[in-house]
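*Asks:*
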Amino acid sequence: MQSTLSAVDVSASTESSTPAVSWGPIIAGAFAASTLTLILMLLGSGLGLTIVSPWSGSGASVTTFAVSTAIWLIVVQWLSSGVGGYLAGRLRTKWVGIHTDEVYFRDTAHGFLAWALATLLVVGVLGSALSTALGSGVQAVSTVASGAVMGASAGASAGGASTDNATSYLVDSLFRPADAGKLAVANPDSNAAAVGQASRILIAGAAAGEISADDKTYLSQLVVARTGLSEADAKARVDALVAKVEDAKVKAKQAADTARKGSATFALLGALSLAIGAFIASAAAALGGRQRDDEEAVFLTGR
Numbered sequence: 001m002q003s004t005l006s007a008v009d010v011s012a013s014t015e016s017s018t019p020a021v022s023w024g025p026i027i028a029g030a031f032a033a034s035t036l037t038l039i040l041m042l043l044g045s046g047l048g049l050t051i052v053s054p055w056s057g058s059g060a061s062v063t064t065f066a067v068s069t070a071i072w073l074i075v076v077q078w079l080s081s082g083v084g085g086y087l088a089g090r091l092r093t094k095w096v097g098i099h100t101d102e103v104y105f106r107d108t109a110h111g112f113l114a115w116a117l118a119t120l121l122v123v124g125v126l127g128s129a130l131s132t133a134l135g136s137g138v139q140a141v142s143t144v145a146s147g148a149v150m151g152a153s154a155g156a157s158a159g160g161a162s163t164d165n166a167t168s169y170l171v172d173s174l175f176r177p178a179d180a181g182k183l184a185v186a187n188p189d190s191n192a193a194a195v196g197q198a199s200r201i202l203i204a205g206a207a208a209g210e211i212s213a214d215d216k217t218y219l220s221q222l223v224v225a226r227t228g229l230s231e232a233d234a235k236a237r238v239d240a241l242v243a244k245v246e247d248a249k250v251k252a253k254q255a256a257d258t259a260r261k262g263s264a265t266f267a268l269l270g271a272l273s274l275a276i277g278a279f280i281a282s283a284a285a286a287l288g289g290r291q292r293d294d295e296e297a298v299f300l301t302g303r
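Counting in the working numbering, the sequence shown runs from 1 upward without gaps.
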């Protein structure tokens with residue numbers, strides 16, 4: 001019985017009272033990593049703006065810009081996580097009486113914790129920007145799906161006067177008189193009613209996916225009544241306008257699909273870059289801790 005108690009006492013006395021987690025080096029590495037991330041993100045934004053041009057056919061393409069952004073995100077994770085993890089491992093105090101494998105595990109854990117804290121800090125600072133980037137694809141798709149319905153509601157509540165500039169221009173092109181002199185003697189109230197009807201027909205057609213044959217016929221009749229064109233010319237004008245509306249809708253869907261794919265790619269590459277950053281931070285902390293112990297051993301031996 002005495003030998004058993006002695007064994008328990010010895011094992012209890014050898015347990016270190018110092019916690020295995022050194023939060024000081026972890027916090028220092030996290031602050032260094034997050035600060036370097038912000039600097040590199042600003043640098044990347046500046047470089048990205050230099051290769052993008054608002055002029056058609058100038059600057060980098062969308063694919064080139066997306067690939068460059070993805071590569072830069074990975075580079076940012078490599079550099080910031082490496083620096084933060086290395087500092088977390090290099091700044092910790094030496095653990096005495098700990099097995100080499102345990103030291104390696106603790107250094108790796110310190111690097112991972114420094115990376116995790118730095119990630120939370122960066123997300124806290126750039127959270128709104130990241131949410132905007134990730135939600136742009138969903139917002140674009142929902143805009144295309146609900147835009148026509150919203151427009152119909154606006155048209156029903158405020159008539160033709162509440163339509164946007166693009167729709168107003170297209171509708172005005174329907175009622176442009178063959179003889180410009182007829183515009184001066186046109187009845188304003190009658191014009192407003194015709195414009196309101198045509199706007200509602202176009203909005204309803206956009207919501208339904210197509211403009212019915214009856215609505216096209218009625219639009220042609222409105223054009224004939226308001227412009228003095230022949231029935232054939234009025235029908236041709238209506239068909240041209242419907243073709244423009246369909247083309248605009250197709251382009252809007254393509255833009256929404258491109259935004260959706262871009263958001264999905266950004267999310268996947270962001271997750272990949274974070275995983276790479278976690279690995280690099282852990283490895284860098286293990287490297288920093290080992291160099292710290294080796295240099296201390298060399299210094300003590302030399303002295």
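A virtual CB, placed ideally from N, CA and C, is assigned to each residue, including glycine.
#1: Determine the direct distance from the alpha carbon of Gly97 to that of Val125, and round the result to whole angstroms.
#2: On the three-state DSSP scale, how would you describe His99?
#3: Where does Leu229 sit, in a helix, a strand or coil, going by DSSP?
#4: Run through DSSP, which three-state label would Arg290 get?
#5: What separation, rounded to the nearest whole angstrom, lies between the Cα atoms of Lys244 and Val250?
#6: Quick check on Thr119: buried or exposed, where buried means 16 or more other Cβ atoms within 10 Å of its Cβ?
#7: Among Leu42, Ile74 and Arg90, which residue has its Cα nearest to the Cα of Gln291?
#8: Taking DSSP as the reference, what is the three-state secondary structure of Gly82?
#9: Going by Cα to Cα distance, which pick from Gln221, Phe112, Gly196 and Lys261 is closest to Leu274?
#10: Could you check whether Asp107 and Ser278 sit closer than 8 Å to each other, using their CB atoms as the reference points?
#11: Hey, how far is the Cα of Val224 from the Cα of Ser230?
#12: Return helix, strand or coil for Ala20, following the three-state DSSP convention.
#13: Output needed for Ser282: all residues of its chain with C-beta closer than 6 Å, excluding positions within five of it in sequence on either side, in chain order.
#14: Where does Lys216 fall in DSSP's three states?
*Replies:* Well, looking at it:
#1: 41 Å
#2: coil
#3: coil
#4: helix
#5: 10 Å
#6: buried
#7: Arg90
#8: helix
#9: Phe112
#10: Correcting the residue identity first, residue 278 is Ala in this sequence and not Ser. Cβ atoms of Ala278 and Asp107: not closer than 8 Å.
#11: 6 Å
#12: coil
#13: Thr108, Gly111 and Phe112
#14: helix
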